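Trainee:
2 protein chains.
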Amino acid sequence: MKKNIFYAQSGGVTPVINATALGLIKSAKKSKNFFGKIYAGKNGIIGALKEELIDISKENSKQLDSLKFTPGGAFGSCRLKLKDPVKNKKEFQRILEVFNAHDIGYFFYNGGGDSQDTTLKLSQYCKSMNYELQCIGLPKTIDNDLPITDNSPGFATVAKYIAVSTYEASLDVASMAESSTKVFILEVMGRHAGWLAAASGIIKNKANDPPHIILLPEVTFNSTKFLKKVNQAVKTNGYCVVVASEGIRNSKKEFISSSSDKDSFGHAQLGGVAPKLASMVTNSLKYKVHWAVSDYLQRSSRHIGSKIDVEQAFQLGKKSIEFVKQGKNEIMLTIKGKMKNGRYSWSIGHTDLRNVANKEKILPKGYIGLDGFSITKKCKDYILNLVKGEDYPSYKNGIPEYAKLKKYLVKKKLSKFEI
Amino acid sequence: MKKNIFYAQSGGVTPVINATALGLIKSAKKSKNFFGKIYAGKNGIIGALKEELIDISKENSKQLDSLKFTPGGAFGSCRLKLKDPVKNKKEFQRILEVFNAHDIGYFFYNGGGDSQDTTLKLSQYCKSMNYELQCIGLPKTIDNDLPITDNSPGFATVAKYIAVSTYEASLDVASMAESSTKVFILEVMGRHAGWLAAASGIIKNKANDPPHIILLPEVTFNSTKFLKKVNQAVKTNGYCVVVASEGIRNSKKEFISSSSDKDSFGHAQLGGVAPKLASMVTNSLKYKVHWAVSDYLQRSSRHIGSKIDVEQAFQLGKKSIEFVKQGKNEIMLTIKGKMKNGRYSWSIGHTDLRNVANKEKILPKGYIGLDGFSITKKCKDYILNLVKGEDYPSYKNGIPEYAKLKKYLVKKKLSKFEI
């Protein structure tokens, strides 16, 4: 009997995670002799625990197709780290029960490092229980911090958004600087790895081009050096553009964003690196500062997709079905980049889940400029290869036609489970 | 003898102000028998005071053409309110000297309400000194708060950016809400008028669609009502999306963004409405909140231009030359919208500068929902008409090809002037 597919999205979503889902769905649909039904977990692995399985066959095919350009996690994602099955196997037991009840033979988990760990643990648990389950990890993270794979889907689109946004805001502050704002600070995501902040550096061609300062979590933040550099940029160019990773820390390893300030009720204030840096500049240098925090805007910025990113995300989903048909198991799919005669090309490969579970790839030393405030040519070339080409969503009456799924749930067969 | 043109950009820039400049330049170039040279003031009216005149004829025509899709103020803008010429005529005297030295017969000032006032004052001063100068105001403001004109160029592109960004971030928070972030807050510009926050409302089709709360400066902010509404949205939809104008104020007319907090050095912290609202939600409702401040990113968001906005901005520049040739003076150009059989069309008109100088158009009552947290169908239709159609910049190697001007200055003829 043909076994069914369970696909789920995990962790912080990306602008192209749904393209991976679509690649998988389209490819699996073509292999009707091999696979039974295709289910998506509602809100990631929570869907497995709660027995909330979305029946893909009930979705309109036009809406499914628009997943290729729809940001967010169309089936819902989750931030839930399963307990260690050796110490507490309740959750894994439940997943196996649900999978068994719905004839799941293939598990695809679309996530970052933590999620690859979950996939591996689930696979090992199922083996120990003699339940046949092929477990495949699909990479996804705007942070680009997954190891082995040359880049992670989602990164390039957000990198493009950050580069373009920094370029645009730089033109704005440059035109205001003579009589008003002289410093602009943009805060971007990246708690441990500075790939996204680094992406802003690809717009710099000459020494005095913006961004003048890139603050990376890989480099210890020193406020004296920072303020000196800001002042220098203003004196030289009339203005200064700063792009800061949310995860920058001082020499005591404290996050600059974690505020010790209290509001008028004595409550702790939420952080934000950009307003902190803005305060420093205003207080010390007396320059007028503007700051932006891009937060979810960057993570869902599908309106300015990288063509390569979208294609890689889609092909990863497609290829995962091929690998499963070849009998592969306990792997995460990877992207391999290649340069030939100055042209970038790529292919899809795979690696053992053990190589990627719970591991993080930060910016290599050779990618960070000697001054600690910039990126090297090597880094710039790496990112430029990924952001080439534009991929726009389709619009109707001025608004993108993002997918609207019905998300019909399969009838439950088991009793309720408390998470 | 043919007189020369002086064009300048003023106030906060927009993503399409350079399209207006290009329309004017292209049109003036075609009237070689009428006009002499075309000069642009470096940094707005400061260029006139400092005798810094950019010679447009020295610019590469391909670079000039790309002004149509280049954000920021390509010639530099300024925030400088000239002193009243009756009380202190030094600045006006200087401008007249500079204009006289460079044979300026036509003055085009591209700005908001304040700038129209400057244009009017300059015109009146020149008349009193028997200096012939045709003075034309070109509208520009993302805030959409200029009177008489049905809309202001710049607004529609930023409105589109805010609507699309809100849509995208809503998909993101919706997919995370089950186990993580439940509330997303986006801060947008608008100190007195809520047009930009209102723009987020065009993505809402059903009652429970995001954004669930729009905070407008026209409506007094009440934290109890706000928190109740946030909680209600989370209970109903699982998540809540808030779009807040930077200019919202409480019943004491205090800005919510003006912080009384001090940092660890006793310095005042820079404001920001979004982090303030996020604090309220976290402290009172204990929901996980994400927040973004779009700041200059919105104001320079040319990568997602509204087709109508770009065309209107361009035509305003073009038409201003026609009006000058017809002998018109002391006018600001306006956009007149028309609905016929459900289709929007528009034309360019003009109004006396006295009608617009220093005046502000806020959201009319009929555009604000009865609950104070939403917009009406009338408002939605108005904005939807303006954001229809996409206009993208051209890209090279993944990066927009924004104009790079040389900005050669004309040789100075006068002595230095201290501003």
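Line order of the protein sequences matches chains A and B. Terminal number for the first sequence in the working numbering: 419, no gaps in between. Terminal number for the second sequence in the working numbering: 1419, no gaps in between. Cβ coordinates follow ideal geometry from the N, Cα and C atoms, glycine included. Note that the coordinates shown come from a computational prediction; the quantities given were computed from them, not determined experimentally.
Check whether chain A comes within 8 Å of Asp1084 of chain B, counting only Cβ atoms and requiring the distance to be less than that.
Mentor: Taking Cβ atoms only, chain A never reaches closer than 8 Å to Asp1084 of chain B, which makes this a no.
Trainee: In the DSSP assignment, the alpha helix (DSSP H) including Met1280 of chain B goes from what residue to what residue?
Mentor: From DSSP, the alpha helix (DSSP H) with Met1280 of chain B extends over 1273-1285.
Trainee: Excluding the 5 residues flanking Gln1312 of chain B on each side, which residues of the same chain have their C-beta closer than 6 Å to its C-beta?
Mentor: Excluding positions up to five away in sequence, the list reads Pro1153, Ile1335.
Trainee: Is there a Cβ from chain B that is less than 8 Å from the Cβ of Met1 of chain A?
Mentor: No, because no Cβ of chain B sits closer than 8 Å to the Cβ of Met1 of chain A.
Trainee: Which of the three DSSP states, helix, strand or coil, is assigned to Ala1008 of chain B?
Mentor: DSSP places Ala1008 of chain B in strand when its eight states are reduced to three.
Trainee: Per the DSSP calculation, Glu390 of chain A is bridged to which residue(s)?
Mentor: The partner list for Glu390 of chain A (beta bridge, DSSP) reads A:Ser306.
Trainee: In this structure, what does DSSP give as the bridge partners for Asp420 of chain A?
Mentor: As displayed, chain A neither begins before 1 nor continues past 419, which places residue 420 of chain A out of reach and without an answer.
Trainee: Skipping 5 residues on each side, what residues in its chain have a beta carbon closer than 6 Å to that of Ala159 of chain A?
Mentor: If we look at Ala159 of chain A and ignore the five residues flanking it on each side, its Cβ neighbours are Ala199, Ile383, Val387.
Trainee: Starting from Ser115 of chain A, trace the alpha helix (DSSP H) both ways and give me its first and last residue.
Mentor: It spans 113-128 - the alpha helix (DSSP H) in which Ser115 of chain A sits, taken as one unbroken run.
Trainee: Alpha helix (DSSP H) containing Thr20 of chain A: first to last residue?
Mentor: Taken as a continuous stretch (DSSP letters only), the alpha helix (DSSP H) holding Thr20 of chain A covers 17-30.
Trainee: Taking 8 Å as the threshold (C-beta atoms), are Tyr239 of chain A and Ala292 of chain A in contact?
Mentor: No, the Cβ-Cβ distance between Ala292 of chain A and Tyr239 of chain A is not below 8 Å.
Trainee: Taking its Cβ as the centre, do 16 or more other Cβ atoms sit within 10 Å of Ala207 of chain A, making it buried, or is it exposed?
Mentor: Ala207 of chain A should be labelled exposed.
Trainee: So, is the C-beta of His267 of chain A closer than 8 Å to a C-beta in chain B?
Mentor: Its pLDDT being 43, under 50, His267 of chain A is placed unreliably by the model, and nothing is read from it.
Trainee: Verify whether the separation of the beta carbon atoms of Asp1172 of chain B and Arg299 of chain A is less than 8 Å.
Mentor: Yes.
Trainee: Ordered along the chain, which non-local residues of its own chain (more than five positions away) have a Cβ less than 7 Å from that of Asp114 of chain A?
Mentor: These residues qualify, in order along the chain: Gly11, Lys81, Asn358.
Trainee: Among the candidates A:Leu133, A:Lys365, A:Ser66, whose CA atom is the shortest distance from the CA of Val310 of chain A?
Mentor: Out of A:Leu133, A:Lys365, A:Ser66, A:Ser66 has the C-alpha closest to the C-alpha of Val310 of chain A.
Trainee: Output needed for Gln1078 of chain B: all residues of its chain with C-beta closer than 7 Å, excluding positions within five of it in sequence on either side, in chain order.
Mentor: The displayed chain sequence assigns Cys, not Gln, to residue 1078 of chain B. Only Ser1010, Asn1043, Gly1044, Ile1045, Ile1046 meet the Cβ criterion.
Trainee: Please confirm if Thr1070 of chain B has its CB atom under 8 Å from at least one CB of chain A.
Mentor: At least one chain A Cβ lies under 8 Å of Thr1070 of chain B.
Trainee: Taking the continuous beta strand (DSSP E) assigned at Met1 of chain A, which residues delimit it?
Mentor: Element bounds for Met1 of chain A: n/a, residue is neither H nor E.
Trainee: Output the distance between the C-alpha atoms of Ile419 of chain A and Arg94 of chain A, rounded to the nearest integer angstrom.
Mentor: Near 10 Å, if we compare the C-alpha coordinates of Arg94 of chain A and Ile419 of chain A.
Trainee: With 7 Å as the limit, tell me which residues of the segment 1158-1185 of chain B have their beta carbon closer than that to any beta carbon of chain A; keep them in chain order.
Mentor: Hits within the stretch, in order: Lys1160, Ala1163, Val1164, Ser1165, Tyr1167, Glu1168, Ala1169, Leu1171, Asp1172, Val1173, Ala1174, Ser1175, Met1176, Glu1178, Ser1179, Ser1180, Phe1184.
Trainee: Please report the Cβ distance between Ala193 of chain A and Glu390 of chain A, rounded to the nearest whole angstrom; I am assuming they are in contact, meaning their Cβ atoms lie under 8 Å.
Mentor: Not a contact, Cβ separation roughly 25 Å.
Trainee: Between Arg94 of chain A and chain B, is any beta-carbon pair separated by less than 8 Å?
Mentor: Judged by the 8 Å Cβ criterion, Arg94 of chain A is not in contact with chain B.
Trainee: Run through chain B and tell me which residues come within less than 9 Å of Tyr402 of chain A, C-beta to C-beta.
Mentor: Within chain B, the residues near Tyr402 of chain A are Tyr1167, Glu1168, Leu1171.
Trainee: Quick one: does Pro1153 of chain B have its CB under 8 Å from some CB of chain A?
Mentor: Output row for Pro1153 of chain B: interface = no.
Trainee: Could you name the residues that DSSP lists as bridge partners for Lys338 of chain A?
Mentor: Its beta-bridge partners are A:Ser345.
Trainee: What are the residues in the segment 284-311 of chain A lying within 8 Å of chain B by C-beta distance?
Mentor: Residues Val289, His290, Trp291, Ala292, Val293, Ser294, Asp295, Tyr296, Leu297, Arg299, Ser300, Ser301, Arg302, His303, Ile304, Ser306.
Trainee: Using 8 Å as the cut-off, can you tell me whether the segment 46-66 of chain A makes contact with the segment 388-407 of chain A, which would need three or more C-beta pairs spanning the two stretches below that distance?
Mentor: Result yes; three or more Cβ-Cβ pairs closer than 8 Å.
Trainee: Which residues in chain A sit within 7 Å of Asn1043 of chain B, going by Cβ to Cβ distance?
Mentor: In chain order: Glu178, Ser179.
Trainee: Have a look at A:Lys340, A:Ser415, A:Val219, A:Arg354 and flag the residue whose alpha-carbon is nearest the alpha-carbon of Asn385 of chain A.
Mentor: Considering only alpha carbons, the answer is A:Lys340.
Trainee: Counting only Cβ pairs nearer than 7 Å, list the residues of chain A close to Val1387 of chain B.
Mentor: Ordered by position in chain A, the residues that pass the 7 Å Cβ test against Val1387 of chain B are Gly398.
Trainee: Just how far apart, CA to CA, sit His102 of chain A and Asn4 of chain A?
Mentor: In a straight line, the C-alpha of His102 of chain A is about 7 Å away from that of Asn4 of chain A.
Trainee: Taking the C-alpha atoms as reference points, what is the distance between Leu333 of chain A and Ala48 of chain A?
Mentor: Going from the Cα of Leu333 of chain A to the Cα of Ala48 of chain A covers about 22 Å.
Trainee: So, are the CB atoms of Ile1214 of chain B and Gly1201 of chain B less than 8 Å apart?
Mentor: Contact: yes.
Trainee: Please state whether the Cβ-Cβ distance between Tyr1125 of chain B and Val1410 of chain B is less than 8 Å.
Mentor: It is not a contact, given that the beta carbons lie outside the stated cut-off.
Trainee: Against chain B, which members of the segment 50-81 of chain A pass a CB distance test of less than 9 Å?
Mentor: Going along the segment 50-81 of chain A in chain order, one finds Thr70, Pro71, Gly72, Gly73, Ala74, Phe75, Gly76, Ser77, Cys78, Arg79, Leu80 with a Cβ nearer than 9 Å to chain B.
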